[in-house]
Amino acid sequence: MARIRNTEARWIESRERWQISVTGEDGERKTFVSSKPGRKGKLEAERKADEWLESGDTDRMRLSDAWERFIAYKKTTCGTAWVVKLDSLYRIWIAPELSAKRLERITPAEWKRCIANADAAGKSKKTLSNIRGAMTAFFDWCSENRITVDKPEKISVPKDAPVGERTILGTNDIKTLFSDDTILWRGKRRKAFYIHAWRLIVILGLRRGELAGIKHSDIDENGILHICRSINSIGEVTSGKTKNARRDILLPPHALRVIEDQKAMLKGLGIATRTWLFPGPDGNQMDTNAMYKQWRHYRDQNGIKSNLHELRHTTVSLVKTELPEDLLKQMIGHSESMDAGRYKHVAEGDLEKTANIVEGVFSKIL
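Counting with our numbering, you get residues 1 to 366 for the letters of the sequence shown.
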């Protein structure tokens, strides 16, 4: 704990300044002054003293304690999902190496070793970049709070780090997805509750959270789907993964049929919901983790290799040779920058062109 100041600054008339002397935990005594007249000068001198006392505490702080404070701060400024991810990266890749050490004694080489260890474990370039991002966010917080950290001048991700390869659905996999709507559960066949969700993801290239966030009211009378929210893995409703996530999609006939099939399934199961188009089995907001788990069961049963996120990449792969790049980016809500005016005000003809091309691609397969 930092030593608490129990004295106040005094005005020294002969020197025309405010002055305060304090003693740190190690017995060191130091004087702080301010030549500003009035209350502002008094507060300035006391602030300098308080900061010095606090720095004495933080200089001896262990990484585990500093990280706890950092995460507490992040909880007030960031979404919960991001905080959970930060803390997970720390616990797996940083804490085992450094958590018990004092911040002042951690060398730049030791910080870099955390990434080297992840690289040696065969982790992807994206994971290594995420570890670096967690460190950088922590260093920034330390700087803002005047906590001394001997950070590396540059943290590099190895150029030869493996890049995660995408395993998209093959043509036969897509045919299976659109023809077999069952899973084998305890020796019996039953309908996969999320079958229409998976199908719509493949047709439109949606993120799982965007799919889960669709409300009945998001589809207007012209058959345009307005993507305006997303549900993350811990159930938080957000505005989407990127600034370009909010977008409009004219639903092609294949997508409209999937949506009608979804509504019919809900009605048949007696699930009455006026809010969510793709709810959970109880009619409330979907748990995206449950959709993910059932997909793993379905894919393993059918010999499919793609994970749930790769359904979206399947869409990109299928339409990228047919659809102009700017329309493809608009359709999938790509994170890369593009003409801002065009992105926010997509011409009606462009939406129709995109829908026709997507419909043509899936008509050839199905």
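The beta-carbon is built from N, C-alpha and C at its ideal position, and this holds for glycine as well.
Using a threshold of 8 Å, state whether the C-beta atoms of residue i and residue j are closer than that.
i, j, result
"S124", "V163", "yes"
"G223", "R312", "no"
"Q262", "H216", "no"
"L225", "F278", "no"
"L103", "A137", "no"
"A9", "E68", "no"
"T368", "L89", "Residue 368 cannot be examined here, being either before or after the span of the chain that is shown, 1 to 366."
"P252", "A121", "no"
"T167", "E310", "yes"
"K191", "I155", "no"
"A116", "S233", "no"
"K353", "L327", "yes"
Taking C-alpha atoms, which residue in the options lies nearest to residue i?
i, options, result
"R95", "T77, W82, L63 and F70", "It should be noted that the sequence gives Ala, not Arg, for residue 95. Closest option to A95, Cα to Cα, is L63."
"D300", "R146, L53 and W185", "W185"
"E54", "R189, C142, W11 and M286", "C142"
"M61", "R274, I201, I106 and E352", "I106"
"A118", "A109, I92 and D140", "I92"
"W11", "A72, I227 and E44", "E44"
"R15", "S34, G24 and R5", "S34"
"D150", "L89, K159, P158 and F139", "F139"
"P152", "G170, R132 and P158", "R132"
"A290", "K126, F193, D173 and E165", "F193"
"T176", "S317, E221 and Y298", "Y298"
"I183", "E28, N302, K364 and P324", "N302"
"A134", "D87, A264 and D160", "D87"
Whose C-beta lies closer than 7 Å to the C-beta of residue i among residues of the same chain, with five residues either side of it excluded?
i, result
"G341", "Reliability fails at G341, whose pLDDT of 42 lies under 50, so the model's placement of it is uncertain and the value that follows must be treated cautiously. Nothing meets the Cβ criterion."
"K344", "Unreliable placement is indicated for K344, whose pLDDT of 43 sits below 50; no coordinate value is reported for it."
"A255", "L200, I203 and L204"
"K48", "F32"
"R247", "I227, Q330 and G333"
"V319", "L328, I357, V358 and V361"
Beta-carbon within less than 6 Å of residue i's beta-carbon, same chain only, minus the 5 sequence neighbours each way: which residues are those?
i, result
"L366", "F178"
Run through DSSP, which three-state label would residue i get?
i, result
"K267", "helix"
"F193", "coil"
"K42", "helix"
"K36", "coil"
"Q19", "strand"
"I71", "helix"
"T238", "strand"
"T80", "helix"
"I94", "helix"
"K353", "helix"
Taking 8 Å as the CB-CB cut-off, is residue i touching chain D?
i, result
"N130", "Here chain D cannot be found, since the structure has a single protein chain."
Under 8 Å Cβ to Cβ from residue i, same chain only, skipping five residues before and after it: list those, please.
i, result
"I231", "G209, A212, G213, V237, T238, Q285, M286 and T288"
For the ligand GDP, is there a heavy atom less than 7 Å away from the beta-carbon of residue i?
i, result
"K123", "Although the ligand GDP was asked about, the structure shown includes no ligands whatsoever."
Restricting to runs no shorter than 4 residues, where is the alpha helix (DSSP H) found entirely within the segment 148–230? 171–179, 195–204 and 208–212
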